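Data block below; observations after.
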Amino acid sequence: MAIQIINTAPMAGQRPGTSGLRKKVGVFSQPQYLENFVQSVFDTLGDCRGQTLVLGGDGRFYNRAAIQTVLRMAAAHGYARVLLGQGGILSTPAVSCVIRKHGASGGIILSASHNPGGPDGDFGIKYNIANGGPAPEKVTEAIYACTQTISEYRISDAADIDLDKLGSVRIEQMTVEVIDSVADYGELMQQLFDFDAIHALFAGGLRLCFDGMHAVSGPYATAILEGMLGAPKGSVINGVPLEDFGGGHPDPNPVNAQELISIMASDDAPDFGAASDGDGDRNMIVGRRFDVTPSDSLAILAANASVAPGYRAGLSGIARSMPTSGAADRVASALGIPCYETPTGWKFFGTLLDAGMVTLCGEESYGTGSNHVREKDGLWAVLFWLNLVAEKKQSVEEIVRAHWATYGRHYYSRHDYEDIDSASAQQLMEAVRSQLPALPGQVLNGYTVALADDFSYTDPVDGSVATQQGIRIIMTDGARIVLRLSGTGTEGATLRLYLERYEADPAQHGIATQEALAGLIAVAETVAQIRTRTGRDAPTVTT
0 MAIQIINTAP
10 MAGQRPGTSG
20 LRKKVGVFSQ
30 PQYLENFVQS
40 VFDTLGDCRG
50 QTLVLGGDGR
60 FYNRAAIQTV
70 LRMAAAHGYA
80 RVLLGQGGIL
90 STPAVSCVIR
100 KHGASGGIIL
110 SASHNPGGPD
120 GDFGIKYNIA
130 NGGPAPEKVT
140 EAIYACTQTI
150 SEYRISDAAD
160 IDLDKLGSVR
170 IEQMTVEVID
180 SVADYGELMQ
190 QLFDFDAIHA
200 LFAGGLRLCF
210 DGMHAVSGPY
220 ATAILEGMLG
230 APKGSVINGV
240 PLEDFGGGHP
250 DPNPVNAQEL
260 ISIMASDDAP
270 DFGAASDGDG
280 DRNMIVGRRF
290 DVTPSDSLAI
300 LAANASVAPG
310 YRAGLSGIAR
320 SMPTSGAADR
330 VASALGIPCY
340 ETPTGWKFFG
350 TLLDAGMVTL
360 CGEESYGTGS
370 NHVREKDGLW
380 AVLFWLNLVA
390 EKKQSVEEIV
400 RAHWATYGRH
410 YYSRHDYEDI
420 DSASAQQLME
430 AVRSQLPALP
440 GQVLNGYTVA
450 LADDFSYTDP
460 VDGSVATQQG
470 IRIIMTDGAR
480 IVLRLSGTGT
490 EGATLRLYLE
500 RYEADPAQHG
510 IATQEALAGL
520 IAVAETVAQI
530 RTRTGRDAPT
540 VTT
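Okay, here's the thing in structure tokens:
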């Protein structure tokens, strides 16, 4: 074995987005593309000698090959130890868990999260820091700066290692420990939740369907739900990770998790349904013929947090991303704790969690989590809900409707316009921005505009500032329209339109969501002219 120094040159398009660098597999598999980015990560970190790195991914196509490259480069930069998930598999929340438990200096996650996989699909890479959370913007911008000036990278010429055999091997002076992917994470879950109560729930006959979507959470759900908690065998479907996710789109929403939705709508539906995404950090909760919105899920878990042993001491605060509905705000107010509104991106929760200012946090994009790790966590949310069902002895629908009766209902929806022309998307956003100063005071389809701005955020802990984080049009009655461009896609642009209206009257809680929001949808079209500017008659996905 020997360490080689290879000449290279900058490659375009290596600026990390909302959560790392995501591109098509064909881009990542170009000669030196992955190596350039990994070298830029290590250059940004500085002296890595003697440190521990955690490494794993969601099992998508190119995952195993990329892991071998990262291992050889980590060895060339003097890492003492790498903790590698068996088979290259580690869910994103499990990476955070392992970093924190073992005192690692950071971790590299190979995933494009909920994006499709396969040879023609997407791939991604991101760096998580020592607290277990995604690198903050100052770090990702420094990585990007390095990609623009890179001239060489360091790599060992060692042979590939066996990713599937538990145990230790050496590359140069570095020890690679292939670890059980589930063990540390499962131990943490057992500390947070009442496993005896959940076990009794299954022993009493509760039926569950968990859709792993052929993604990374399948092995975790099988080991914990069926193995540790006694859910009947077969409760986890699509539980084996596949490089192309079985040809599906591993994004847990009612559109992409259609198999689960069909099962939960059948005459013989299980009592409880759930799904997770490509890298295991998102969740969808489903009752019989009843979907739970992520915004409601965050609020309900916050309102009932004391049912779980890990949260019986109470919550210090709640944080939500700006586009997420205000349902959690009402719970926070009732509990007498703060609720922080941040930009989209889990990294913005990290400082609040580290400072002990919040305990629970969530995003409308099917992501919920807490201070147990520094990532959102799909299976964690499922276990929390099961703990709640065990305590309340109510169905999912009964729990949600009881919450609405107490706090009111936030009618909420997201309309995604995917893979639209990037220039057209930018022009649309600029056209709306130009209208913002004149909108307050205007009456639009019966709504009076109270505030119109482009959301900016100053972190209350470190003082960092993030600007242009989404256009908000807020009405005098609290109804909202939000427009932003997503940073998670790999082709074209994705325009996201968020709509929210609060209804206090329980007699009005049974209206179909799109019907309840029809007035706001019309306002959004008037202001943004989405159909005209995108050429789309309807959203690609409505959730």
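When the letters of the sequence shown are read in order and numbered with numbering that gives the first Met the number 0, they come out as residues 0 to 542. All C-beta atoms in this analysis are idealised placements derived from N, C-alpha and C, irrespective of residue type, glycine included. Since the model is a prediction, treat every value here as computed from it, not as a measurement.
On the premise that Thr17 lies in contact with Gly582, defined as a C-beta separation below 8 Å, what is that separation, rounded to the nearest angstrom?
This structure leaves residue 582 out entirely; the chain is present only between 0 and 542.
Fully enclosed by the segment 471-495, which beta strand (DSSP E) runs are 3 residues long or longer?
List check, beta strand (DSSP E) in window: 479-484.
Taking a contact to mean a Cβ-Cβ separation below 9 Å, would you say Asn252 touches Gly211 in this structure?
No, they are not a contact pair.
On the three-state DSSP scale, how would you describe Thr565?
Only positions 0 to 542 of the chain appear in the structure, and residue 565 is not among them; the question remains open.
Just to confirm my understanding: we take Leu382, look at its own chain, exclude 5 residues before and 5 after, and list those with CB closer than 8 Å. What are they?
The residues are Met188, Leu191, Phe192, Ile197, Ile223.
Please work out which residues of its chain come closer than 7 Å, Cβ to Cβ, to Cys145, disregarding the five sequence neighbours upstream and downstream, and give them in chain order.
Excluding residues within five positions, the ones whose Cβ falls inside 7 Å are Ser39, Asp42, Thr43.
Looking at the secondary structure, which residues open and close the alpha helix (DSSP H) in which Cys96 lies?
Residues 91-101.
So who's on the other strand from Arg153, going by DSSP bridges?
Answer by DSSP bridge pairing, in chain order: Ile4.
With DSSP collapsed to three states, give me the class of His113.
DSSP places His113 in coil when its eight states are reduced to three.
With a cut-off of 8 Å, do at least 3 Cβ pairs link the segment 359-367 to the segment 315-326?
In short, these stretches touch, since the Cβ pair count reaches three.
Hey, how far is the Cα of Val239 from the Cα of Ser180?
Looking at the two C-alpha atoms, the distance is approximately 14 Å.
For a quick check, are the C-beta atoms of Thr51 and Leu82 less than 9 Å apart?
In contact: Thr51 and Leu82 (Cβ atoms closer than 9 Å).
Nearest by alpha-carbon distance to Cys96: which of Leu450, His371, Met474, Pro459 is it?
Ranking Leu450, His371, Met474, Pro459 by Cα distance to Cys96 puts His371 first.
Could you check the C-alpha separation between Tyr126 and Pro538 for me, to the nearest Å?
One C-alpha to the other measures close to 32 Å.
If you compare alpha carbons, which of Asp418, Gly120, His213 is closest to Thr533?
It is Asp418.
Could you tell me if Gly49 is buried or exposed, where buried requires 16 or more neighbouring beta carbons within 10 angstroms of its beta carbon?
Exposed, by the Cβ-count rule.
In terms of DSSP beta bridges, what is Phe122 paired with?
Lys22.
Determine the direct distance from the alpha carbon of Lys346 to that of Pro135, and round the result to whole angstroms.
Taking the straight line joining both Cα atoms gives about 6 Å.
Output yes or no for whether 9 Å exceeds the beta carbon distance between Gly55 and Ile108.
Yes; because the gap between Cβ atoms is below 9 Å, this pair is in contact.
Who are the Cβ neighbours of Ile178 in its own chain at under 8 Å, not counting the five residues just before and after it?
Counting only Cβ-Cβ distances below 8 Å, and skipping sequence neighbours, we find Leu82, Leu83, Gly84, Gln85, Val97, Leu165.
Looking at the structure shown, is Phe454 part of a helix, part of a strand, or coil, going by DSSP?
Phe454 falls in the coil class under three-state DSSP.
Take the Cβ of Lys375 as the centre, count every other Cβ of all protein chains shown within 10 Å, and call the residue buried at 16 or more, exposed below.
Per the 10 Å Cβ criterion, buried.
So, are the CB atoms of Ala515 and Arg495 less than 9 Å apart?
Taking 9 Å as the Cβ cut-off, Ala515 and Arg495 do not qualify as a contacting pair.
Hey, how far is the Cα of Ile149 from the Cα of Pro9?
When rounded, the distance between both Cα atoms is 6 Å.
Would you kindly report the start and end of the unbroken beta strand (DSSP E) that includes Phe289?
Phe289 -> beta strand (DSSP E) spans 289-291.
Pull up the distance between the alpha-carbon of Ile262 and that of Pro269, whole angstroms please.
Going by the C-alpha atoms only, they are around 8 Å apart.
Which stretch, first to last residue, makes up the beta strand (DSSP E) that contains Ala11?
That residue, Ala11, is in no beta strand (DSSP E); it is neither H nor E in DSSP.
If you reduce the DSSP assignment to three classes, tell me which class Tyr78 lands in.
Of the three classes helix, strand and coil, the one that applies to Tyr78 here is coil, per DSSP.
For Met72, collect the residues of the same chain with a Cβ closer than 6 Å to its Cβ; drop the 5 residues on either side in sequence, then sort them by chain order.
These residues qualify, in order along the chain: Val37, Ile154.
Would Ala302 and Thr405 be called neighbours here (beta carbons separated by less than 9 Å)?
Yes; because the gap between Cβ atoms is below 9 Å, this pair is in contact.
Start and end of the alpha helix (DSSP H) containing Thr201?
For clarity, residue 201 is Phe in the given sequence; the question names Thr instead. Per DSSP, Phe201 belongs to the alpha helix (DSSP H) from 194-202.
Taking buried to mean at least 16 other C-beta atoms within 10 Å of its own C-beta, is Asp536 buried or exposed?
Exposed, since its Cβ has fewer than 16 Cβ neighbours within 10 Å.
Per DSSP, what are the beta-bridge partners of Asp210 in this structure?
In DSSP, Asp210 forms a bridge with Ile236, Ala274.
Assuming Ser421 is part of the alpha helix (DSSP H), what are its boundary residues?
Note, Ser421: alpha helix (DSSP H), 421-434.
Please name the residue or residues paired with Cys360 in a DSSP beta bridge.
Beta-bridge pairing links Cys360 to Ala318, Gly368.
Note down, in chain order, each residue of its chain lying with its Cβ closer than 7 Å to the Cβ of Tyr61, except the 5 sequence neighbours on either side.
The residues are Val24, Phe27, Ser28, Phe122.
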